[in-house]
Amino acid sequence: MPYLLSLDQGTTSSRALIFDETGQIVALAQHEFPQLFPQSGWVEHDPWAIWHTQLTSLRQALEQARLTLADIAAIGITNQRETTLVWDRQTGQPVYNAIVWQDRRTAAHCDQLKAQGLEADFHARTGLLLDPYFSGTKLAWILDHVPGARQQAEAGKLAFGTVDSWLIWQLTEGRVHVTDPSNASRTLLFNIHTGQWDETLLAHLHIPASLLPAVQPSSSLFGHTDASQFGHACPITGVAGDQQAALFGQACHQPGMVKNTYGTGCFMLMQTGADAKASQHGLLTTRAAQTGPDAAYALEGSVFVGGAVIQWLRDGLEMIPTAGAVEALAASVPDSDGVIFVPAFTGLGAPYWDPYARGGVLGLHRGTTKAHIARAALESIAFQSAELLLAMQNDAGQTVTSLRVDGGATANTLLLQLQADLCGLPVIRPKILETTALGAAYLAGLTVGIWDNTDQIARQWQTDRVFEPAISADQAGQRMARWQQAVQRVMHWA
Ligand code: ADP
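According to numbering that gives the first Met the number 0, the sequence shown is numbered sequentially starting from 0.
Quick look at the structure:
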């Protein structure tokens, strides 16, 4: 029986999962690592903590499954995206901590680039917005602030990478410096249309091209584990950023297929195939995982506060003992009795993009109970996701026929029913919810012939439960309109 090892390097933990050829999980190990907050708005990771937790998880997963690397047909890697590392090509030592995607230190640099009138150019070439979220300005920050870094970079002595590149560098003992298009497309340096690092953008950000990894398809041979260190030369044959890996793991291979991941935030991606759809509604255009010579694209939107609103009910208000308890409380009332909760704690993303919006609970009256507020909080996750879906349908000019879901909050069946009602679509929860790791395993397995094509993978994907809409399109429209009114009331607040 061939096995695939998937390394899932996330923001708070590194995980390793082993899958068999039917896509079932055989073993799972996970290790958390410290989050570093050196200043307000700054978020860093120790690159060695990322690697060591990943390596420990890898070894433990193998032990659990009573396997060795020699039993693994191929390794797939999926990772927190945008997080930026720079290391010395000779010594392998990072010159600075990893600057994490959440880090806002380059906000002023982004404002400056916008003031120079460069946003339209960045947007046209990368599909992204000028925001500190993406890697480019983080990389520029390291070159400008670490003593000697710029000179060394100009002398070709340094390597830049997102977390996938860093892990592959470690696994190959520094022999291979690569990434895939799904990760490259989050850097602000990669032209998603030509599939090349973009010289104009590199010039805007003063970044020497010698820093950059080679970009190759997500499903291809990236390198082998170093036999002297790992005991076996195992091929690394699948790489994708976490959200694109999840899209692949959800078998959303055909244009128009959409997945939504409900975690701390929510990430919705629509596969658009060979078409790079430009968004009129504040969505990002990005590269999807690429299995052959041809580029694949996706539209992406995110909700900043998704499951986090439930954490706030638990920790901020102490209204519920556990996140899971929200379902029973919310289900104890038939509706929110007119209460609408807009959890714009950190502003609003697509389609509003208002950093000055703040949270609000509207429509309170003397009969309002905590159950109504809990229900409104849960509904807010579904409202925000439904708005992303609407934006996607408008941008893509395509009707969506169902929504595939995953992530921690999909344990909540009331949430998924609300989502089906608001979107007017079947919401489908798969049997395997580890879609991110599974996506990386599928990409790796395709390269080595465990699966012949994506159709075979799509046939393997299995439904756990389907949630059908239970209200009319009119009712859904009325509820969405009421939500949109509430959003207008909390915008431009701070
Ligand atoms: P992440 O990968 O972002 O850490 P997870 O996929 O682990 O997130 O999901 C955790 C999030 O889901 C938390 O924000 C939590 O509040 C929320 N959550 C967990 N269980 C439930 C539930 N039953 N109902 C609603 N939200 C939940």
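Just so it is clear, CB atoms sit at the ideal spot from N, CA and C, and this is done for glycine as well.
(Q) Extract the residue ranges of the alpha helix (DSSP H) inside the stretch 265 to 350, only unbroken runs of 4 or more that lie entirely within it. (A) 307 to 310, 325 to 330
Q | Beta-carbon proximity list for Trp86, same chain, < 8 Å, skipping 5 on both sides | A | Pro46, Gln92, Pro93, Val94, Leu157, Ala158, Gly160, Trp165, Trp168
**Q.** the stretch 208 to 215 / the stretch 262 to 273 touching (three or more Cβ pairs under 8 Å)
**A.** no
Q) What did DSSP end up calling Gly182 once you bin it into helix, strand or coil? A) Reading off the sequence shown, one finds Asn at residue 182, where the question assumed Gly. Looking at Asn182 - three-state DSSP - the assignment turns out to be helix.
Q | Extent of the continuous alpha helix (DSSP H) run through Gln63 | A | For Gln63, the enclosing alpha helix (DSSP H) begins and ends at 46 to 63.
Q.
Determine whether the beta carbon atoms of Thr77 and Gly240 lie at a separation below 8 Å.
A. yes
Q: Would you tell me roughly how many angstroms separate the C-alpha atoms of Gly222 and Glu172, rounded to the nearest one?
A: 10 Å
Q: Whole angstroms is fine: what's the gap from Ile71's alpha carbon to His205's?
A: Rounded to the nearest angstrom, the two C-alpha atoms are 42 Å apart.
(Q) Among the candidates Thr82, Ala107, Gly75, whose CA atom is the shortest distance from the CA of Asn96? (A) Thr82
Q) Just the Cα atoms here: how many angstroms apart are Thr400 and Thr345? A) 32 Å
Q) Mind checking whether the beta-carbon of Leu268 lies closer than 7 Å to any heavy atom of the ligand ADP? A) no
**Q.** C-alpha distance - Arg313 paired with Gly230, whole-angstrom precision
**A.** 46 Å
Q: Return the first residue and the last residue of the beta strand (DSSP E) that Trp450 is part of.
A: No beta strand (DSSP E) contains Trp450, which DSSP labels as neither H nor E.
Q) Going by alpha carbons, who is nearest to Tyr355 out of Gln243, Glu386, Val486? A) Nearest option by C-alpha distance: Val486.
Q. What do you reckon, is the C-beta of Glu299 under 7 Å from a heavy atom of the ligand ADP?
A. no
(Q) Could you check if Ala307 belongs to the surroundings of the ligand ADP, using beta carbon to heavy atom distance under 7 Å? (A) Yes; taking the cut-off as 7 Å, the Cβ of Ala307 has a heavy atom of the ligand ADP nearer than that.
Q. Should Leu445 be listed as close to the ligand ADP, given that the test is whether its C-beta is under 7 Å from any heavy atom?
A. no
Q. Looking at Val257 and the ligand ADP, is the gap between the Cβ and the nearest heavy atom below 7 Å?
A. no
Q. Any heavy atom of the ligand ADP within a distance shorter than 7 Å of the CB on Glu326?
A. yes
Q.
The beta strand (DSSP E) that contains His30, what's its start and end?
A. 24 to 31
Q: Count the other C-beta atoms from every protein chain shown that fall within 10 angstroms of the C-beta of Ser379, then say buried if there are 16 or more, exposed otherwise.
A: Buried.
Q: Starting from Gln93, follow its DSSP beta bridges and name the residues at the other end.
A: Note that residue 93 corresponds to Pro in the displayed sequence, not to Gln. DSSP output for Pro93 lists Trp86 as bridge partner(s).
Q) In terms of residues, what are the limits of the beta strand (DSSP E) holding Asn259? A) Counting along the chain, the beta strand (DSSP E) containing Asn259 begins and ends at 257 to 261.
Q: Following the continuous alpha helix (DSSP H) through Ile470, name the residue where it begins and the one where it ends.
A: For Ile470, no alpha helix (DSSP H) run applies, since DSSP gives it neither H nor E.
Q: For the alpha helix (DSSP H) containing Leu415, list its first residue and its last residue.
A: 412 to 422
Q) So His280 and Asp394 are in contact, right, with Cβ under 8 Å, and what is the actual spacing, rounded? A) Sure, about 6 Å apart at Cβ, within 8 Å.
Q: Could you tell me if the beta carbon of Gly135 falls within a distance shorter than 7 Å of some heavy atom in the ligand ADP?
A: Result no, Cβ not under 7 Å from the ligand ADP.
Q | Where Ser39 falls, given that 16 or more other Cβ within 10 Å makes a residue buried | A | exposed
Q: State buried or exposed for Pro146, treating a residue as buried only when at least 16 other CB atoms are found within 10 Å of its CB.
A: exposed
Q) So which of Asp120, Thr105, Ala114 has the shortest CA-CA distance to Trp140? A) Thr105
Q. From Phe36 to Thr10, what does the alpha carbon distance come to, in whole angstroms?
A. 13 Å
Q | For Thr186 and Gly135, believed in contact at Cβ under 8 Å, the rounded distance | A | 6 Å
Q. Would Glu153 be called buried (16 or more neighbouring beta carbons within 10 Å of its own) or exposed?
A. The residue in question, Glu153, is exposed, as its Cβ has fewer than 16 Cβ neighbours within 10 Å.
Q: For my contact list, Arg488 and Leu361 are in at a C-beta cut-off of 8 Å; report their separation, rounded to the angstrom.
A: 6 Å
(Q) Do Trp100 and Arg80 count as a contact pair if the criterion is CB distance below 8 Å? (A) yes
Q | Residues of its chain near Arg478, where Cβ-Cβ distance is below 7 Å and the 5 sequence neighbours each way are ignored | A | Leu421
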